[in-house]
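Trainee: Numbering (my numbering), first residue to last: 74 to 409.
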Ligand code: AHR
């Protein structure tokens, strides 16, 4: 399979060639002194000004994603990065984006906490001629001209891969499933639910007996799982939309005197270190990866646009999947 980095670099090379002879795209050029003035006098020289609005710090995945972006969009690499943490609140993201528009940054990138409600602020960015790049999560805007590209995983596919593994490995006999959903209204929660349901709808052995949000956090995953355990004595499998909620569920299952991974099987999405360790330890049964290392691809996209090139409107990143044996093998060299 072609690696994510290779595909993006190949794309960057292609567009760089295409860029020759093309006029520079709509954003302000690098080193534009008016941009420096608009940033409040900061001397960013030839650096590309990027405003990035992050969802929050809700999970291990998010921490790895933030690190990847901050480690890549550095001054040494040609960027002046303004970074803000929205604490999982849409109003904070809208405020941050408006502030980046007011500062006249060259590019805005953000990972939207929820799918809906972005049209007005994205229209403001468009009017200000600032290209917007969606990373990790999608918006449901019908007007695709409001952003240049969306880079991230295929969340429906992730949920589908989990469902297929469950069909083949657990639901060969009737099972009761509980689902820990991600943040309500977020793209990964909507899509991972749909993907799992699509994959399992033809299997009469799969019965989803409870489904509730744990907001992608370990603490809420634990609390919701405690409620599931009290209300349902016969849970066979937990489908957690991310590793952090699976780790919270493990705590709740152990506190209830049961063995996670054996008495109650657990499947989840992300593949962060703690999740992979729990998988290797036999407490989780299967993980579909969601690669958080989007910084290098984001940098490539911005540099391509900045040199007048174009990028694909949707760039899907590559994700692996791990059972317990594969996790043991992958852990020693795992980057996050
Ligand atoms: O949008 C990606 C998801 O957000 C990750 O799977 C989850 O851990 C994070 O909070």
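Each residue gets a CB set at the ideal place from its N, CA and C atoms; glycine is no exception.
Only a predicted model underlies this, so the values are computations on that prediction, with no experimental measurement involved.
1. Please classify residue 255 as buried or exposed, where buried requires at least 16 neighbouring CB atoms within 10 angstroms.
2. Taking 7 Å as the line, does the beta carbon of residue 131 fall inside it for any heavy atom of ligand 1?
3. I need the straight-line Cα distance from residue 258 to residue 288, nearest angstrom please.
4. Taking Cβ to Cβ, would you say residue 308 is nearer than 8 Å to residue 263?
5. Who are the near neighbours of residue 285 in its chain, counting only those whose CB is closer than 6 Å to its CB and skipping five residues on each side?
6. Under 8 Å between C-beta atoms, does residue 203 make it to chain D?
7. How far does the beta strand (DSSP E) with residue 144 in it extend, from its first residue to its last?
8. So for residue 290, helix, strand or coil by DSSP?
9. For residue 171, tell me which candidate among 161, 183, 378 has the shortest Cα-Cα distance.
10. Leaving out five residues on either side along the sequence, give the residues of the same chain with a beta carbon under 6 Å from the beta carbon of residue 386.
11. Using 7 Å as the cut-off, classify the Cβ of residue 238 as near or not near the heavy atoms of ligand 1, replying yes or no.
12. Can you list, in chain order, the residues of its chain with a C-beta nearer than 7 Å to that of residue 399? Leave out the 5 residues immediately preceding and following it.
13. Any contact of the segment 232 to 244 with the segment 205 to 217, i.e. 3+ C-beta pairs under 8 Å?
14. Measuring only the C-alpha atoms, how far is residue 179 from residue 131?
15. What is the rounded straight-line gap between the Cα of residue 408 and the Cα of residue 361?
16. Just grab the DSSP bridge partners of residue 155 for me.
17. CA-CA distance, residue 267 and residue 273?
18. Rounded to a whole number of angstroms, what is the C-alpha to C-alpha distance between residue 76 and residue 330?
19. Which residues mark the beginning and the end of the alpha helix (DSSP H) in which residue 341 is found?
Mentor: In brief:
1. Flag for residue 255 reads buried.
2. Set against 7 Å, the gap from the CB of residue 131 to the closest heavy atom of ligand 1 is smaller.
3. In this model, residue 258 and residue 288 are separated by some 10 Å (Cα to Cα).
4. In this structure, residue 263 does not lie closer than 8 Å to residue 308 by Cβ.
5. Taken in chain order, the residues that qualify are 297.
6. Absence of chain D from the displayed structure is noted, only one protein chain being present.
7. From DSSP, residue 144 is part of no beta strand (DSSP E) but of the alpha helix (DSSP H) over 133 to 145.
8. Residue 290 falls in the coil class under three-state DSSP.
9. Among 161, 183, 378, the Cα nearest to that of residue 171 is on 183.
10. Same-chain partners within the cutoff: 222.
11. Remark: the shortest separation between the CB of residue 238 and any heavy atom of ligand 1 does not fall under 7 Å.
12. So no residue of the chain qualifies.
13. Touching, no.
14. Going by the C-alpha atoms only, they are around 28 Å apart.
15. Taking C-alpha positions only, residue 408 is separated from residue 361 by approximately 16 Å.
16. Beta-bridge pairing links residue 155 to 124.
17. In this structure, the alpha-carbon of residue 267 lies about 10 Å from that of residue 273.
18. Only weak support is given to the placement of residue 76: the predicted model assigns it a pLDDT of 35, under 50, and the question is left unresolved by the model.
19. Note, residue 341: premise wrong, no alpha helix (DSSP H); beta strand (DSSP E) at 338 to 343.
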